[in-house]
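K.L.:
Residue numbers (this note's numbering): 33 to 204.
Backbone N, C-alpha and C fix where the C-beta goes; we use that ideal spot for every residue, glycine too.
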């Protein structure tokens, strides 16, 4: 894949459109509260901050709703849900948004669908995926539902009342 990225005559199907892409995941409260500048936008709390992946290759989606499903899918992330459903406390579903470029991103979402079909994989075709081949830090927008954000703050406050340290600057 890295050789394809370096190819000076890459075909159009290997280059995703320069557009927004989304990644749904679960993050620990401790990581979320390190991000500064949370603001309300519609039904979300949103902040811009650096993103560094733990993986050298990541799947991102051009479909916001598909990424949000991955943020809520215990099969693809840390095993969690919400408090009423047995949530692993201290985690929050997050959608991360960034834009693609020609130096780290590979394949249009149509190309990834074609590859899946060619391999006999008839699932995941609606994911609208593109691939990022880098661990380099990028600027991204983090989105958390207001409900999940409020629940996280409540949980942090509960921990603080139980004697754990909590800094007031993380409240919104």
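Which two residues bound the contiguous beta strand (DSSP E) that contains residue 135?
P.N.:
Looking at the DSSP string, residue 135 is not in any beta strand (DSSP E), and its letter there is neither H nor E.
K.L.:
Going along the chain, which residues of its own chain have a beta-carbon closer than 7 Å to the beta-carbon of residue 160, five neighbours each way excluded?
P.N.:
So the list reads 93, 94, 95, 98, 141, once near-sequence residues are dropped.
K.L.:
Can you tell me which of the three DSSP states residue 102 falls into?
P.N.:
The answer is helix: DSSP assigns residue 102 an H, G or I state.
K.L.:
Out of 47, 43, 192, 73, which one is the CA nearest neighbour of residue 212?
P.N.:
Residue 212 falls outside the range modelled here, since the chain spans only 33 to 204, and no answer is possible.
K.L.:
Would you tell me roughly how many angstroms separate the C-alpha atoms of residue 58 and residue 152, rounded to the nearest one?
P.N.:
Distance between the alpha carbons of residue 58 and residue 152 is about 29 Å.
K.L.:
Report yes if the C-beta distance between residue 167 and residue 138 is below 9 Å; otherwise report no.
P.N.:
No, the pair does not count as a contact, with Cβ atoms beyond the cut-off.
K.L.:
Smallest Cα separation from residue 89: which of 136, 69, 67, 127?
P.N.:
Out of 136, 69, 67, 127, 136 has the C-alpha closest to the C-alpha of residue 89.
K.L.:
For residue 125 and residue 33, I'd like the C-alpha separation in whole angstroms.
P.N.:
Cα-Cα distance, rounded: 29 Å.
K.L.:
Please identify the residue among 47, 175, 39, 189 whose C-alpha is closest to the C-alpha of residue 78.
P.N.:
Of the candidates 47, 175, 39, 189, the one whose C-alpha sits nearest the C-alpha of residue 78 is 175.
K.L.:
Can you check which of these residues, 191, 132, 42, 193, is closest to residue 172 by C-alpha distance?
P.N.:
It is 132.
K.L.:
To the nearest angstrom, how far is the alpha carbon of residue 162 from that of residue 50?
P.N.:
Distance between the alpha carbons of residue 162 and residue 50: 11 Å.
K.L.:
Return the chain-ordered list of same chain residues with a C-beta closer than 6 Å to the C-beta of residue 48, the five sequence neighbours on each side being excluded.
P.N.:
So the qualifying residues of the chain are 132, 137, 140, 162.
K.L.:
Any idea what DSSP makes of residue 33, helix, strand or coil?
P.N.:
Here residue 33 sits in coil by DSSP.
K.L.:
How far does the alpha helix (DSSP H) with residue 190 in it extend, from its first residue to its last?
P.N.:
Here the alpha helix (DSSP H) through residue 190 covers 178–193.
K.L.:
Between which two residues does the beta strand (DSSP E) holding residue 161 run?
P.N.:
Looking at the DSSP string, the run of the beta strand (DSSP E) that includes residue 161 is 161–164.
K.L.:
For residue 100 and residue 37, I'd like the C-alpha separation in whole angstroms.
P.N.:
Taking the straight line joining both Cα atoms gives about 28 Å.
K.L.:
What are the boundary residues of the beta strand (DSSP E) that includes residue 71?
P.N.:
Unbroken beta strand (DSSP E) run through residue 71: 71–73.
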